[in-house]
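Asker: From first to last, the protein sequence lines are chains A and B. The numbering used here runs 666 ahead of the 1-based position in the first sequence. Just so we're aligned: 15 in the numbering used here is position 17 of the second sequence, and the numbers increase by one with no gaps anywhere. The structure that follows is given in the form of structure tokens.
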Amino acid sequence: MTLYDGTTGASYQVKSVFVEAAVTRRLQALGINDGTCVKILNRKRQGAMIIQVRGTRLALGRHISSCIEVTELREKECAI
Amino acid sequence: MTESEKKIRVAFVGNPNCGKTTLFNAVTGSRLKVANWPGVTVEKKEGSAQYEDCSLTIVDTPGIYSLTCYTIEEKVTRQCVMDDEIDAVVNVVDASSLERNLYLTLQLLELGKPVILALNMMDIVSERGMEIDLHRLPELLGGIPVVPVSAAKRTGLGILLHAVVHHCEEGAVGPVLTYGKEIEEKITRLEEMMQAHYPQHSSIRWHALKLLENDEDVMNEHPISIENVVGRSYEKDIIQKKYAYIENIIREVLFHKEKQAASTDRIDRTLTHPFWGVPIFLLIMCFVFFLTFTVGDFLKGGFEMALGFLSAQVSSLLVSVRCAPWLISLIVEGIMAGVGGILTFIPNIVILFLALAILEDSGYMSRVAYVMDHIMGRAGLSGKAFLPMVLGFGCTVPAIMATRALETERDRRKTMLITPFMSCSARLPIYVLFSDMFFANCKVLAAFSMYAIGMIVAIVSALVIHGREKGKESADCLLIELPEYKRPNIRTIGIYVWTKLKDYLEKAGTTIFLASIIIWFVLNFGMHGMVEDAADSFGAMIGRSMMPLLAPAGLDMWQIAVALISGISAKEVVVSSFTVLFGVVNADSAAGMAAIVDRIHMQKPDFGPLNAYALMVFCLLYVPCAATIATVKKESGSWKFTGKMVVFQLLLAWCAATAVYQIGRVLF
Chain A
667 MTLYDGTTGA
677 SYQVKSVFVE
687 AAVTRRLQAL
697 GINDGTCVKI
707 LNRKRQGAMI
717 IQVRGTRLAL
727 GRHISSCIEV
737 TELREKECAI
Chain B
-1 MTESEKKIRV
9 AFVGNPNCGK
19 TTLFNAVTGS
29 RLKVANWPGV
39 TVEKKEGSAQ
49 YEDCSLTIVD
59 TPGIYSLTCY
69 TIEEKVTRQC
79 VMDDEIDAVV
89 NVVDASSLER
99 NLYLTLQLLE
109 LGKPVILALN
119 MMDIVSERGM
129 EIDLHRLPEL
139 LGGIPVVPVS
149 AAKRTGLGIL
159 LHAVVHHCEE
169 GAVGPVLTYG
179 KEIEEKITRL
189 EEMMQAHYPQ
199 HSSIRWHALK
209 LLENDEDVMN
219 EHPISIENVV
229 GRSYEKDIIQ
239 KKYAYIENII
249 REVLFHKEKQ
259 AASTDRIDRT
269 LTHPFWGVPI
279 FLLIMCFVFF
289 LTFTVGDFLK
299 GGFEMALGFL
309 SAQVSSLLVS
319 VRCAPWLISL
329 IVEGIMAGVG
339 GILTFIPNIV
349 ILFLALAILE
359 DSGYMSRVAY
369 VMDHIMGRAG
379 LSGKAFLPMV
389 LGFGCTVPAI
399 MATRALETER
409 DRRKTMLITP
419 FMSCSARLPI
429 YVLFSDMFFA
439 NCKVLAAFSM
449 YAIGMIVAIV
459 SALVIHGREK
469 GKESADCLLI
479 ELPEYKRPNI
489 RTIGIYVWTK
499 LKDYLEKAGT
509 TIFLASIIIW
519 FVLNFGMHGM
529 VEDAADSFGA
539 MIGRSMMPLL
549 APAGLDMWQI
559 AVALISGISA
569 KEVVVSSFTV
579 LFGVVNADSA
589 AGMAAIVDRI
599 HMQKPDFGPL
609 NAYALMVFCL
619 LYVPCAATIA
629 TVKKESGSWK
639 FTGKMVVFQL
649 LLAWCAATAV
659 YQIGRVLF
């Protein structure tokens, strides 16, 4: 599944990122790379979402979130 | 060089919105703009500070997340940090999001320059109940000085400067983080090769790492053949190692990290609600403009009285010293009417900027990007493009500069094209004056509708441009950090409002002052020297030649043509021209307005609310001021683009004003 398919309040672990090289670099600098845990704080039905990663909040557009492959994490499996 | 002449150049570097500029202001006594959203600073600025016998030059840089180039500001910062003239780097870190901030820290340490860590926002950390081990943190960072500071409360500044001066003498620390045998061996080989090719180079290890990451800019700057060393890109491995190291640091030094800012999440649940987010944003903006018009008008009385009194005094003084009549006319009817007329709008302007300052400092700005993302997405822009547009409510010039934070040149140009449609503070006097004169019953509504029309025109223009760009499908690439909400800082807001007010006063003293003199001149002189009746003046001649063009929009008065042409210098000049054109000293008072309306009706008896509304629409949409045109040229680097923009805005303004007038005539 991709992060875009995620639901509000759930936590996910990033498996891989398939997006343009420039955006990948940006995501890496913001702390999103393979293995990172993220939590969806808020989202619009078809569009952007707010996630929590490494103690900060980021707003991600649909294009980016649908290029981030994730697996769902159970409660408390990963401290964010 | 003696001890007393010691000079150090220091760069303040850090993530966006970590407080670099606040710290810079505190250390150097400068008054640069700060706010609570990432990307406020887009240019590097210099200031100076003194510590004992050492004079420091401090360079404030735009915030960056890493030393890889992505946007224009990041390139500015990277170039600045790499510059050999920089003796030391102060890495400003937001202690409340230490984990993310340390990524840049590790990169800076690899540069081989002395790095001092300024741990900002420690007050927030302790407020939340988190704790940072200040002994272990420097140990894990190779022994660099780590200084807790509070830029807002101005604590720890002396210690920071002390650390800078001393650490500069000691020099940089060695590598903090090792990447394992395979990568380290390659680094060593690359370092040797770099040393042979570029013996003067100061950041050999960093360059070697960038070569392993296949960084294009670095390869172009210092080309060496690396094929037999670097078989593949090691970027991923290097990044993973860095984050693994950071996670280790966080485990050791940060305690109670589960204490997140619950209040921010709570506020966000309402303000970024999937459905209510947009209506709430519009309501907030309505409230801002409502305050601007009502409270501003309420405060205006005092200004009007003072101006009336002053111009009467000056006039009688000039008569008593037997001043030449033309000079009295120039001073009272030209300068005082023009410049003074603009000064009476100060209360409205101050309230507007006060409200915008609070909005920017609260942390809501980034949320606007998120909230507006799907609307902007339809126009092929990311929600981030809406930030310059909101800034455009204040002044178009910094708004155009703020487009630097956008990722692609195409997005930048599109945003530059539509940002001038957002009503800036210079257009405010026009709305206030004309809605007061012609819409007595619904003046706030009439003025407010201008803001709405501006926003709609901006978004529709973007949609149309996007429709024409078929094939170049652009994706929704919104990516922005959302800072925590905080109580706006009084000092920050004071600096913001004062700077804007100073700009406004400066403009009144320069552009508007000059424009008023020129207008007075073209109105009082004709082919045969000074004229009795303004209708024989140069101004009337120029204006009359434009009248046929403006007739379809119901604006066929030569005075309006003159005011609109002069308004290109600055939009306030439209108002000051009116006051000079109609010889009214105090336009922004009941008597002054009645006089203007009288004189308009003498020229054009059927000039009513509809004509006034068409004029307001024209002023909203036509060419922004000269300063904006110059900024667009500078930022786009293209006269062709700038010229196209000006033509587009003129045509659009004419079409819209004509449509308003012609449709209105049928309806009413």
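Built from N, CA and C at the ideal position, the CB exists for glycine as well.
1) Could you tell me the distance, in whole angstroms, from the CA atom of B:Y49 to the CA atom of B:S94?
2) Determine the closest residue to B:V455 out of B:T262, B:F646, B:W324, with distance taken between C-alpha atoms.
3) How would you call B:H599, buried or exposed, if buried means at least 16 neighbouring beta carbons within 10 angstroms?
4) May I ask you to list, following chain order, the residues of the region 676 to 694 of chain A that have a beta carbon less than 8 Å from some beta carbon of chain B?
5) Helix, strand or coil: which one does DSSP assign to B:I661?
6) Looking only at its chain, what residues have a beta carbon closer than 8 Å to the beta carbon of B:C475, apart from the 5 residues adjacent to it on each side?
7) Measuring only between beta-carbons, confirm whether A:G672 sits less than 7 Å from chain B.
8) Going along the chain, which residues of the region 366 to 396 of chain B sit with their C-beta nearer than 8 Å to a C-beta in chain A?
9) What does the alpha-carbon distance come out to for the pair B:T0 and B:H164?
10) CA-CA distance, B:V595 and B:E302?
11) Tell me, please, which residues DSSP counts as bridged to B:F10.
12) Please determine, among A:H729, A:I717, A:T737, the residue with the shortest C-alpha to C-alpha distance to A:V685.
13) Let me know the secondary structure DSSP gives B:V251 once reduced to three states.
14) For the pair the region 675 to 689 of chain A and the region 697 to 710 of chain A, tell me if three or more CB-CB distances fall below 8 Å.
15) If B:A445 and B:Y429 are in contact, beta carbons under 8 Å, what's the gap, nearest whole angstrom?
16) Would you give the residue range spanned by the beta strand (DSSP E) that B:G45 belongs to?
17) If you draw a straight line from the C-alpha of B:L308 to the C-alpha of B:S636, how long is it?
18) Quick one: measure Cβ to Cβ for B:S423 and B:M448, integer angstroms, because I've assumed they're closer than 8 Å.
19) Taking Cβ positions, are B:V145 and B:A170 nearer each other than 7 Å?
20) Can you check whether the C-beta of B:M(-1) is within less than 7 Å of a C-beta belonging to chain A?
21) Please list the partners that A:T722 has in chain B, where partner means a Cβ-to-Cβ separation under 7 Å.
22) Listing by chain order, which chain A residues have their CB less than 9 Å from the CB of B:D668?
23) Contact between the region 507 to 517 of chain B and the region 377 to 393 of chain B is defined here as three or more beta-carbon pairs at a separation below 8 Å; is this criterion met?
24) In chain A, which residues lie with their C-beta within 8 Å of the C-beta of B:D295?
25) What did DSSP end up calling B:G687 once you bin it into helix, strand or coil?
26) What is the DSSP secondary structure of B:M(-1), counted as helix, strand or coil?
27) Give me the chain B residues within the contact set of A:R740, using Cβ-Cβ distance strictly less than 7 Å, ordered along the chain.
28) Helix, strand or coil for A:E735? Go by DSSP, reduced to three states.
29) Taking the straight line between their C-alpha atoms, what separation do you get for A:T668 and B:A400?
30) Given that B:T270 touches chain A, what residues does it touch there, using C-beta distances under 7 Å?
31) Looking at B:L443: is its Cβ nearer than 7 Å to the Cβ of B:I349?
32) Alpha carbon to alpha carbon, what distance is there between B:E211 and B:K234?
33) Classify B:W556 as buried or exposed, calling it buried when 16 or more other Cβ atoms lie within 10 Å of its own Cβ.
Answerer: In short:
1) Cα-Cα distance, rounded: 28 Å.
2) The option with the nearest alpha carbon to B:V455 is B:F646.
3) B:H599 sits exposed, since fewer than 16 C-beta atoms from the chains shown fall within 10 Å of its C-beta.
4) Cβ contacts with chain B: A688, V689, R691, R692, L693, Q694.
5) Of the three classes helix, strand and coil, the one that applies to B:I661 here is helix, per DSSP.
6) Within its own chain, the residues whose Cβ lies closer than 8 Å to the Cβ of B:C475, once the five positions on either side in sequence are excluded, are S380, E405, listed in chain order.
7) Closer than 7 Å: no.
8) For the region 366 to 396 of chain B, the set of residues with a beta-carbon nearer than 8 Å to any beta-carbon of chain A comprises A367, Y368, D371, H372, G375, S380, G381, in chain order.
9) Only weak support is given to the placement of B:T0: the predicted model assigns it a pLDDT of 48, under 50, and the question is left unresolved by the model.
10) Roughly 18 Å separates the two Cα atoms.
11) B:D58, B:V88, per the DSSP bridge assignment.
12) Nearest of A:H729, A:I717, A:T737 to A:V685, Cα basis: A:H729.
13) Under the three-state reduction of DSSP output, B:V251 falls in the helix class.
14) Cβ pair count under 8 Å is three or more, so yes.
15) The Cβ separation is near 4 Å, so the contact holds.
16) 43 to 49 is the extent of the beta strand (DSSP E) around B:G45.
17) One alpha carbon belongs to B:L308, the other to B:S636, and they sit about 46 Å apart.
18) Between B:M448 and B:S423 the Cβ distance is about 13 Å, and since that is not below 8 Å, they are no contact.
19) 7 Å or more divides the Cβ of B:V145 from the Cβ of B:A170.
20) At B:M(-1) the pLDDT is 45, less than 50, meaning the model places this residue with poor confidence; the figure from the coordinates comes in the next sentence. Under the Cβ distance rule, B:M(-1) does not count among the residues neighbouring chain A, no pair being separated by less than 7 Å.
21) Near A:T722 (Cβ distances below 7 Å), the residues of chain B are S95, R98, E479.
22) In the structure as shown, chain B begins at -1 and stops at 666. Residue 668 of chain B is therefore absent and cannot be evaluated.
23) Judged by pairs of C-beta atoms under 8 Å, the region 507 to 517 of chain B does not touch the region 377 to 393 of chain B, as fewer than three such pairs exist.
24) Taking a Cβ-Cβ threshold of 8 Å, none of the residues of chain A is close to B:D295; the smallest such distance is about 37 Å.
25) Because chain B in this structure spans residues -1 to 666, residue 687 of chain B falls outside the shown range and cannot be described.
26) With a pLDDT of 45 at B:M(-1), under the threshold of 50, the modelled position of this residue cannot be trusted; read the value that follows with caution. When secondary structure is reduced to three states using DSSP, B:M(-1) falls in the coil class, being assigned neither helix nor strand.
27) Ordered by position in chain B, no residue passes the 7 Å Cβ test against A:R740, which lies about 17 Å from the chain.
28) Three-state result, A:E735: strand.
29) Linking A:T668 to B:A400 through their CA atoms gives a straight-line distance of about 32 Å.
30) Ordered by position in chain A, the residues that pass the 7 Å Cβ test against B:T270 are N708, I716.
31) Their beta carbons are not under 7 Å apart, which means B:L443 does not touch B:I349 by this criterion.
32) Distance between the alpha carbons of B:K234 and B:E211 is about 8 Å.
33) B:W556 should be labelled buried.
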